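Numbering (our numbering), first residue to last: 1 to 94. Don't be surprised by glycine CBs; every beta carbon is placed ideally from N, CA and C. All values reported here derive from a predicted model rather than from experimental measurement. Read the structure below first, then the notes.
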Amino acid sequence: MRQWAALIVASSVVVALPLCGGAARAAFGGPGPWITGNDTGGIIPYSPVIEGIYPQMAADYCARWGRLSHVTSVHRRYGDYISFVCIDKPWMIH
């Protein structure tokens, strides 16, 4: 009986993985199709799925250039964007 329970749990995890929101995977797996931008900032298409993680998505994106992020605007409607800028660290000398 325990083997069947373990099999059911394992199969449900395998089946549920593709159904997870792409935003959650993009936040930790790189920018992916969600973020458009460069070393000065970017935009993220709004979706309720990313409501709690868009600051971390912006921070991860700016960290690629050794910068900090600052979210400048959030429009909570489909078709609108969350915009952010990448700023230099205060102690950084160019």
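- In the three-state DSSP reduction, I43 falls in the strand class (E or B).
- Straight-line measurement puts the Cα of Y46 at about 6 Å from the Cα of D80.
- For I82, the pairing in a beta bridge is given by DSSP as I44, V74.
- Residue nearest to C62 within the set G42, R76, S73, R77 is G42 (criterion: CA-CA distance).
- Relative to the Cα of V71, the nearest Cα in the group G37, K89, V49, Y54 belongs to Y54.
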